[in-house]
Each structure stands twice: as structure tokens, then as C-alpha cells.
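Asker: One structure, pasted below without further comment.
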Amino acid sequence: MKRLIYAGKSFILYLCLLSSHQFANTLRPSVRVWAIFVFWVSEELILTQVNKVENGVVVAMAYSLHLDDGEMIDSAPADAPLTYLHGHQNIIPGLERELTGLTIGDEKDVAVAPADGYGEYDEDAKQLIATNLFPDDIELEEGMALQLQDDDGNVHQAFVDNVQKDQVLIDFNHPLAGRTLHFNVKIVELRAATAEEIAHSHVHDDEHVH
Ligand SMILES: [Zn+2]
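Here the sequence shown is numbered in numbering that gives the first Met the number 0, starting from 0 and rising by one per residue.
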């Protein structure tokens with residue numbers, strides 16, 4: 000974005016130089032002033048387009064995530080922020096909603112209730128599965144994440160709750176289900192998403208290019 004602005008400024012400078020020479024002599028002075036004004040306004044429009052968090056903006060944010068008991072379970076520093084495309088359900092809804100309208104440098108504490116985070120904890124979303132149904136090369140251990148496919152071919156994310164002799168208790172709740180999430184967020188950088196990013200509903204950067 001900064002590069003775009005500098006390019007805009009250089010172009011205006013170029014126009015000014017040009018207008019003081021041969022081409023400009025054919026224009027009335029008032030027209031010259033208007034030309035410069037139009038470029039100044041378009042430059043301002045480029046700036047205002049991405050000065051706040053809204054749909055279609057790529058947001059870079061530093062954050063920390065604590066649970067009710069104060070335990071910090073996740074974070075990203077300002078020099079290695081989390082980047083996501085706003086308005087495309089790339090982060091939990093309760094957080095995304097609260098970030099709308101923030102600008103660069105803004106800091107905010109957001110408490111997200113389970114319903115707006117990883118869901119309420121469902122006691123019935125557990126299932127005992129015989130260990131011999133798992134491939135032999137999988138070493139099942141508590142807390143392990145699994146992708147399980149049901150009879151209809153749908154893939155479910157699940158976690159190993161408890162390993163017993165011949166069976167495993169699988170928990171289909173997200174590990175953070177039922178937990179209130181306390182975020183502290185600081186907006187580090189904003190830019191307009193490219194048309195391709197909007198079409199893919201995610202950010203393309205150094206780690207994700209295709
Ligand atoms: Zn993509």
C-alpha cells in the first residue's frame with residue numbers, strides 16, 4: 000500500500016514537472032490545478048479504502064488468548080502477526096464481529112462466549128470406538144486430533160479423550176468448546192484484498208501462494 004502511495008506521489012510530481020513545460024503551456028492554469036487536485040483526491044481514496052477493518056480487508060493483528068483461569072493458550076507478536084481475510088469466516092464469529100471498524104494501532108479486549116467461539120460443550124458428543132478399527136500404525140494418545148469419516152463420507156474433526164484397553168473414547172467437541180475466550184488484539188496492518196483472495200476467501204502471502 001505504501002508503495003502505491005509513493006507511486007501516486009511520484010506521478011503527481013511528474014505531472015507538475017510536465018505541466019511547467021511544453022504540455023502545460025497548452026492548458027489554462029486552472030485546468031492544471033484541477034489535474035493535481037484529482038490525483039490528490041484519488042490518492043486519498045486509496046488510503047481511506049483500507050483505513051479500517053471491514054469485509055474484503057486483509058488484517059494483520061497481534062493477539063493473545065487467555066482462558067478464564069488466566070492461562071495463555073495462544074498468541075502472535077506484532078512482528079509476526081496473524082493475517083486473515085475479514086468477512087470470510089476465517090476466524091471465530093465472536094471475534095470477527097468485534098474487530099469490524101477498528102483501525103491500525105487500535106487495541107481491544109474481546110471476550111467471546113462459547114456460542115460465538117468453539118460452541119457449547121456437548122456431553123453426548125462422545126463415542127467409544129474399538130481400537131482395532133484404527134490403522135495399526137496410529138499410536139493413539141490422549142488429546143490427539145483425528146479426522147474421522149462417517150458412513151456418509153462426511154469428515155469430522157475429533158479428539159482422543161481416553162485410551163482404554165480395547166476401545167478409545169472419542170470426543171467430537173472442539174478442545175475449546177464450552178470455554179470463554181479472552182482475546183487482546185492489536186491491529187498491526189491493513190490492506191485491500193486482491194480479487195483472487197476474495198474469490199478464494201483466504202489470504203495469499205509468503206506461506207500461502209498458489
Ligand atoms: Zn487461494
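Backbone N, C-alpha and C fix where the C-beta goes; we use that ideal spot for every residue, glycine too. These numbers come from a predicted model, not from an experiment.
Taking DSSP as the reference, what is the three-state secondary structure of residue 97?
Answerer: It is helical.
Asker: Hey, out of 140, 184, 147 and 189, whose CA is closest to residue 171's CA?
Answerer: Of 140, 184, 147 and 189, the residue nearest in Cα terms is 147.
Asker: Between which two residues does the alpha helix (DSSP H) containing residue 144 stretch?
Answerer: Counting along the chain, residue 144 falls outside any alpha helix (DSSP H), though it belongs to the beta strand (DSSP E) covering 144-148.
Asker: Determine the contact status of residue 113 and residue 193, defining contact as a CB-CB distance below 8 angstroms.
Answerer: No. Outside cutoff.
Asker: Do residue 55 and residue 169 have their CB atoms nearer than 8 angstroms?
Answerer: For residue 55 and residue 169, no; Cβs fall outside 8 angstroms.
Asker: Taking C-alpha atoms, which residue in 86, 202 and 63 lies nearest to residue 76?
Answerer: Among 86, 202 and 63, the Cα nearest to that of residue 76 is on 63.
Asker: With the cut-off set at 8 angstroms, would you say residue 176 and residue 93 are in Cβ contact?
Answerer: No. Outside cutoff.
Asker: Would you mind sorting residue 189 into buried or exposed? The rule is 16 or more other CB atoms within 10 Å of its CB.
Answerer: Buried.
Asker: Assuming residue 197 is part of the alpha helix (DSSP H), what are its boundary residues?
Answerer: Here the alpha helix (DSSP H) through residue 197 covers 194-199.
Asker: What residues in its chain sit with their C-beta under 8 angstroms from that of residue 47, if we drop five residues either side in the sequence?
Answerer: The predicted position of residue 47 is uncertain, since its pLDDT is 46 and thus under 50; no value can be drawn from it.
Asker: Beta-carbon separation of residue 106 and residue 185 under 8 angstroms?
Answerer: Going by C-beta atoms, residue 106 is nearer than 8 angstroms to residue 185.
Asker: For residue 187, I'd like the list of residues in its chain whose CB is within less than 8 angstroms of its CB, leaving aside the five on either flank, ordered along the chain.
Answerer: If we look at residue 187 and ignore the five residues flanking it on each side, its Cβ neighbours are 59, 60, 61, 77, 80 and 103.
Asker: Run through the DSSP bridge pairs and tell me what residue 131 is partnered with.
Answerer: Note: residue 131 sits in no beta bridge, so no partner.
Asker: Sorted by chain position, which residues of the same chain lie with C-beta nearer than 6 angstroms to residue 181's C-beta, five sequence neighbours on each side aside?
Answerer: Here the set comprises 65 and 110.
Asker: Helix, strand or coil for residue 108? Go by DSSP, reduced to three states.
Answerer: Of the three classes helix, strand and coil, the one that applies to residue 108 here is strand, per DSSP.
Asker: Just the Cα atoms here: how many angstroms apart are residue 86 and residue 130?
Answerer: Cα to Cα, residue 86 sits roughly 41 angstroms from residue 130.
Asker: Relative to the C-alpha of residue 144, which residue among 90, 202, 157 and 203 is closest?
Answerer: Of the listed residues, the one whose Cα sits closest to residue 144 is 157.
Asker: Please determine whether the Cβ atom of residue 201 lies at a distance below 7 angstroms from any heavy atom of ligand 1.
Answerer: Because some heavy atom of ligand 1 lies under 7 angstroms away, the Cβ of residue 201 counts as near it: yes.
Asker: With DSSP run on the structure shown, which of helix, strand or coil describes residue 160?
Answerer: DSSP places residue 160 in strand when its eight states are reduced to three.
Asker: Return the residue from the list 195, 183 and 27 that minimises the CA-CA distance to residue 108.
Answerer: Selected option, being the one with the closest Cα: 183.
Asker: Taking a contact to mean a Cβ-Cβ separation below 8 angstroms, would you say residue 140 touches residue 161 in this structure?
Answerer: Result no, Cβ atoms of residue 140 and residue 161 do not sit closer than 8 angstroms.
Asker: For a quick check, are the C-beta atoms of residue 57 and residue 202 less than 8 angstroms apart?
Answerer: It is a contact, given that the beta carbons lie within the stated cut-off.
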